[in-house]
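What follows is a set of notes on a single structure, which appears directly below.
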Amino acid sequence: MIERSNSIQRVAAFVMVIGTIFILAPLVIAFLTASRSYEEFVQAGGIEFSVGSHFVANIREILFETELPRQLINSFVISLLVAFIKCSFAFLATFALVFYQSRLNTLIFALTIATVMLPLELIVITTYQVVANVAMPLNWLLSILGIANLSEWIFGWRPEFQLSLLDTYIGVAAPIATSCTSVFIYRQFFLSLPQDLPKAATMDGAGPIRFMIDILLPLSWTPLVATFMFWFIGGWTSYLWPLVAASTPDAQPAIVGLAKMANADDETIPNVPLLMAGALFVSFIPVLLIAFMQRQIVQGLNLSEK
Amino acid sequence: MMTDHAISLANIVKSYGASTIIPGLTAELGGGEFTVILGPSGCGKSTLLNMIAGLEEVSGGTIRIGNAEVQDMAPKDRGCAMVFQNYALYPHMSVAANIGYSLKVAKVPKPERDRRVAEAADIVDLAGLLDRKPSQMSGGQRQRVAIARAIVREPKVLLFDEPLSNLDAKLRHGMRKELSQLHDRIGTTSVFVTHDQVEAMTLADKILILDKGQIEQFDTPNQIYNHPASVFVASFIGSPPMNLIEVTGDGQNLTDTAGTVLASLLHTGPATLGVRPEKLRFSDTGIPFEVTYREDLGSHTIILGTLPNGQEINVATPIGDSRVGADRLMLQFNKEDLHLFDSTTGRRIEGQV
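Going line by line, the protein sequences match chains A and B.
For the first sequence, our numbering begins at 1 and goes up steadily by one.
For the second sequence, our numbering begins at 307 and goes up steadily by one.
Take a look at the structure:
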């Protein structure tokens, strides 16, 4: 038996090494490319497997001569907003779904699942219309109810409200956050808690809100932290919607800024070493997060042990 | 001793949609008494307890605790505290915080809170463990924390929802003793729900036996054992349960289906005859009894056998009966140990025995 488990370990180690190479190869290639100058890169005409001498210079250029450092702050704020909105909404929704018995529960849960089935990429045009004028539903409602016509008739003024959230942090973050995948995780977690816990809190005189804040929230800390990390990175790497919703470099997150750098000029070969340096620079925050928080993430998503 | 808060249940109804769990229950649970609600699972006993606590609404009827009518009050205003089967402690709080949580919610000032937590912990012998987390404690200790959490508010009524069924047999015995002593000390009106007849018999001042939401019998353990009000009670209490034999009376003798005369009683017509296994004695004459199976439990022996009509009955004999080894024995029914029940309604027939 000992012999056998040894061979299993050897196979496992082999698979691990293959997987690691598979995952690390692009990073290594990015680093190697980032270490060359533009001229060297153009001359070589492709990837070279040796470390060049321009890495520091490229990083310096990224830091001081591009918009990326400021856009990194945009990314940070947007990702925090995305993660916070997702987690808090999902937490509240799950709390209501699990601890309140209602005939509508199944319907609400189905609608929640529907948001997962409707990714932002599918509804990007409608979302753009709404974010470009968040008062649009209100205008529509006023017009349907005849209030708009009434006002035009009496006051000679037709109410048309206009509030655009394009190029704002919340305008970029909110649509990304409208998906309730965390509800599944929180639901499983809440259902694994002792059933009599809410009853005990009720007997102790704590109302539902008090129960949520005093008991449920501290208990849910691990899944909350894990999903927060998860959605933070998700917000960090989201590309299509920020590209559409943020048109000025000041409002764009770093990922969009990086892509813009690649397409800056159609005439010349893009400065790939600089782009690679930028890519490494943009991804170091999520990489650091995963490196330091991986235990919490695994613990929070692993529901077999509490 | 605290002032006694009796619980009056008047015509309590509970139904979920079309199915009725409790069709109408009236009972007076004495103040300061330890009442055990006993019944098989699904009989509505936990529902009844939850309705007293306010965790479930009544569909009809009134509940009074002391002088207050409480069925429309919020749980926290009823003055009840509850101990749950799975402890339901707050896992992230220390023992002290668990016990003191209700006081914190009620905005009791910290010094008084600490004093009362310490007192409650003392009562259940947890004094040295106040800083621990529930996960660092054994099942018995956790249940004590749950009890301390219940008594710290000095409730009018203590409610127990099968609190011992998660403990192992030895611990259960210890906790039973402690609960009994605790009740003697603080004297709070207590209601205890269980399906375990031993817990009911040992703890209760009075037992309320529930079946399908209806009271089968509400009496002292002694009365319930010696004068079961129905076939249901007779077969539910006692281990092994009471032997029940279908008989016919001719006004003089009771005969079983095979025509064997079992006892001479004045009853006329069909009836169910009940006799406890431990009240049966072997003798040299009497009813023939064929032994099929023996269980020697040390303190006594349980013998399973058949009557002449083929019906199986249990006999529990004290140790040292020399006849026990034989395969064919003679049974003697003592007239004063017999119970007679109506064979259609299952209710006890008084005065015949």
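Glycine included, each C-beta is placed from N, C-alpha and C at the ideal position.
*If we ignore side chains and look at the alpha-carbon of each, how far apart do alanine 510 of chain B and methionine 399 of chain B end up?*
The residue given as residue 510 of chain B occupies position 204 in the second sequence. The residue given as residue 399 of chain B occupies position 93 in the second sequence. Roughly 33 Å between the two C-alpha positions.
*Using 10 angstroms around the beta-carbon of isoleucine 209 of chain A, count the other beta-carbons present and answer buried if the total reaches 16, otherwise exposed.*
For the purposes of this step, residue 209 of chain A is taken as the residue at position 209 of the first sequence. By the 10 Å Cβ count, isoleucine 209 of chain A comes out exposed.
*Return helix, strand or coil for arginine 158 of chain A, following the three-state DSSP convention.*
Working through the first sequence from its first residue, we reach residue 158 of chain A at position 158. Three-state DSSP puts arginine 158 of chain A in coil, outside helix and strand.
*Are the CB atoms of threonine 332 of chain B and alanine 312 of chain B nearer to each other than 8 Å?*
Here residue 332 of chain B is taken as the residue at index 26 of the second sequence, counted from 1. Here residue 312 of chain B is taken as the residue at index 6 of the second sequence, counted from 1. Not a contact, by the Cβ cut-off of 8 Å.
*CB-CB under 6 Å to proline 594 of chain B, same chain, minus the five flanking residues each way: which ones, in chain order?*
Within the second sequence, residue 594 of chain B is the residue found at index 288, counting from 1. Excluding residues within five positions, the ones whose Cβ falls inside 6 Å are Pro614.
*For valine 661 of chain B, which beta-bridge partners are listed by DSSP?*
Lying before the first or after the last residue shown, residue 661 of chain B is absent from chain B, which here runs from 307 to 659.
*At which residues does the beta strand (DSSP E) containing serine 589 of chain B begin and terminate?*
The count along the second sequence starts at 1 and reaches residue 589 of chain B at position 283. Segment 587-589, the beta strand (DSSP E) holding serine 589 of chain B.
_Taking its Cβ as the centre, do 16 or more other Cβ atoms sit within 10 Å of proline 599 of chain B, making it buried, or is it exposed?_
Within the second sequence, residue 599 of chain B is the residue found at index 293, counting from 1. Note that residue 599 of chain B corresponds to tyrosine in the displayed sequence, not to proline. Burial call: exposed.
*Give, in chain order, every unbroken run of the alpha helix (DSSP H) that is at least 4 residues long and sits entirely within the region 116-154 of chain A.*
124-132 and 136-144
*threonine 222 of chain A lies in the alpha helix (DSSP H); which residues open and close that run?*
Start at 1 with the first residue of the first sequence, and residue 222 of chain A comes out as number 222. First-last of the alpha helix (DSSP H) with threonine 222 of chain A: 221-237.
*Alpha carbon to alpha carbon, how far is alanine 454 of chain B from isoleucine 405 of chain B? Give it in angstroms, no decimals.*
The residue given as residue 405 of chain B occupies position 99 in the second sequence. The residue given as residue 454 of chain B occupies position 148 in the second sequence. Roughly 6 Å separates the two Cα atoms.
*Could you work out which residues of chain A lie near asparagine 392 of chain B, taking near to mean beta carbons separated by less than 8 Å?*
To locate residue 392 of chain B, count along the second sequence from 1; it is residue 86. What asparagine 392 of chain B touches in chain A: Pro194, Gln195 and Asp196.
*Could you give the DSSP three-state label for histidine 606 of chain B: helix, strand or coil?*
Counting from one through the second sequence, the residue named residue 606 of chain B turns up at place 300. Correct three-state label for histidine 606 of chain B: strand.
*Report the neighbours of proline 218 of chain A on chain B: residues whose CB is nearer than 8 Å to its CB, in chain order.*
As a working note, residue 218 of chain A is residue 218 in the first sequence. Here the neighbours are His398.
*Sorted by chain position, which residues of the same chain lie with C-beta nearer than 6 Å to valine 376 of chain B's C-beta, five sequence neighbours on each side aside?*
Working through the second sequence from its first residue, we reach residue 376 of chain B at position 70. Ile369 and Arg384.
*Are the beta-carbon atoms belonging to isoleucine 170 of chain A and valine 82 of chain A less than 8 Å from one another?*
By 1-based counting over the first sequence, the position of residue 170 of chain A is 170. By 1-based counting over the first sequence, the position of residue 82 of chain A is 82. No. Outside cutoff.
*Between which two residues does the beta strand (DSSP E) harbouring arginine 459 of chain B extend?*
For the purposes of this step, residue 459 of chain B is identified with residue 153 of the second sequence, where counting begins at 1. From DSSP, arginine 459 of chain B is part of no beta strand (DSSP E); its letter is neither H nor E.
*Of the choices B:Leu586, B:Pro547, B:Phe538 and B:Val597, whose alpha-carbon is the least far from that of glycine 611 of chain B?*
The sequence position of residue 611 of chain B within the second sequence is 305, counting from 1. The candidate whose alpha carbon is nearest that of glycine 611 of chain B is B:Val597.
_Contact list for proline 381 of chain B against chain A, beta-carbon separation under 7 Å_ = Here the question's residue 381 of chain B lines up with position 75 in the second sequence. Within chain A, the residues near proline 381 of chain B are Thr202 and Met203.
*When the Cα atoms are used, what is the spatial distance from serine 220 of chain A to valine 539 of chain B?*
Translated into the one-based positions of the first sequence, residue 220 of chain A becomes position 220. Translated into the one-based positions of the second sequence, residue 539 of chain B becomes position 233. Their backbone Cα atoms lie some 46 Å apart in a straight line.
*How about serine 304 of chain A: is its C-beta nearer than 8 Å to some C-beta of chain B?*
As a position in the first sequence, residue 304 of chain A is number 304, starting the count at 1. Interpretation of serine 304 of chain A is limited by its pLDDT of 46, a score under 50 that renders its predicted location unreliable; no figure is taken from the coordinates.
*Rounded to a whole number of angstroms, what is the C-alpha to C-alpha distance between phenylalanine 49 of chain A and valine 11 of chain A?*
Within the first sequence, the letter at position 49 stands for residue 49 of chain A. Within the first sequence, the letter at position 11 stands for residue 11 of chain A. Looking at the two C-alpha atoms, the distance is approximately 29 Å.
*Could you please give me the residues that DSSP links to methionine 636 of chain B through a beta bridge?*
Residue numbering aside, residue 636 of chain B sits at position 330 when the second sequence is read from its first letter. Paired residue(s): B:Ser589 and B:Pro594.
*Tell me where the beta strand (DSSP E) around cysteine 386 of chain B begins and ends.*
Position 80 of the second sequence, counted from the first residue, corresponds to residue 386 of chain B. Its beta strand (DSSP E) spans residues 386-389.
*Span separating the alpha-carbon of isoleucine 23 of chain A from that of isoleucine 29 of chain A*: Numbered from 1 along the first sequence, position 23 holds the residue referred to as residue 23 of chain A. Numbered from 1 along the first sequence, position 29 holds the residue referred to as residue 29 of chain A. Between isoleucine 23 of chain A and isoleucine 29 of chain A, the C-alpha separation is close to 11 Å.
*Just mark lysine 351 of chain B as buried or exposed, buried being the case when its beta carbon has 16 or more other beta carbons within 10 Å.*
Reading the second sequence from its first residue, position 45 is the one you call residue 351 of chain B. Buried: at least 16 other Cβ atoms inside 10 Å.
*Keeping to the same chain, check which residues put their C-beta closer than 6 Å to that of proline 242 of chain A; ignore five residues upstream and five downstream.*
Indexing the first sequence from 1 puts residue 242 of chain A at position 242. Answer for proline 242 of chain A: Val172, Pro253 and Val256, listed in chain order.
*Rounded straight-line distance, which links the Cα of serine 536 of chain B to that of glycine 348 of chain B*: Taking the second sequence and counting its residues from 1, one reaches residue 348 of chain B at position 42. Taking the second sequence and counting its residues from 1, one reaches residue 536 of chain B at position 230. Those two C-alpha atoms are separated by around 19 Å.
*Can a CB atom of chain B be found closer than 8 Å to the CB of arginine 210 of chain A?*
As a position in the first sequence, residue 210 of chain A is number 210, starting the count at 1. Yes, arginine 210 of chain A lies at the interface with chain B (some Cβ there is under 8 Å from its Cβ).
*Tell me, which residues are paired with histidine 645 of chain B by DSSP?*
Translated into positions along the second sequence, residue 645 of chain B becomes position 339. Bridge partners of histidine 645 of chain B: B:Gly580.
*Name the DSSP beta bridge partners of tyrosine 100 of chain A, please?*
Walking along the first sequence from the start, residue 100 of chain A turns up at place 100. Tyrosine 100 of chain A pairs with nothing; no bridge assigned.
*Determine the chain B residues that contact alanine 206 of chain A at a beta-carbon separation under 7 Å, and present them in chain order.*
Along the first sequence, one-based indexing puts residue 206 of chain A at 206. Simply Val411.
_Paired residues, beta bridge with threonine 341 of chain B - DSSP_ = Reading the second sequence from its first residue, position 35 is the one you call residue 341 of chain B. Note: threonine 341 of chain B sits in a beta bridge opposite B:Val497 and B:Lys512.
_Whether or not the region 210-229 of chain A and the region 186-193 of chain A are in contact is what I'm after, with contact meaning three or more pairs of Cβ atoms, one per stretch, closer than 8 Å; do they touch?_
yes
_Below 8 Å on the Cβ atoms is my contact criterion, and I expect threonine 94 of chain A with valine 183 of chain A to pass it. Report the Cβ-Cβ distance as a whole number of Å._
Position 94 of the first sequence holds residue 94 of chain A. Position 183 of the first sequence holds residue 183 of chain A. Between valine 183 of chain A and threonine 94 of chain A the Cβ distance is about 5 Å, and since that is below 8 Å, they are a contact.
*Going along the chain, which unbroken runs of the alpha helix (DSSP H) with 4 or more residues stay wholly within the region 24-82 of chain A?*
38-44 and 55-65
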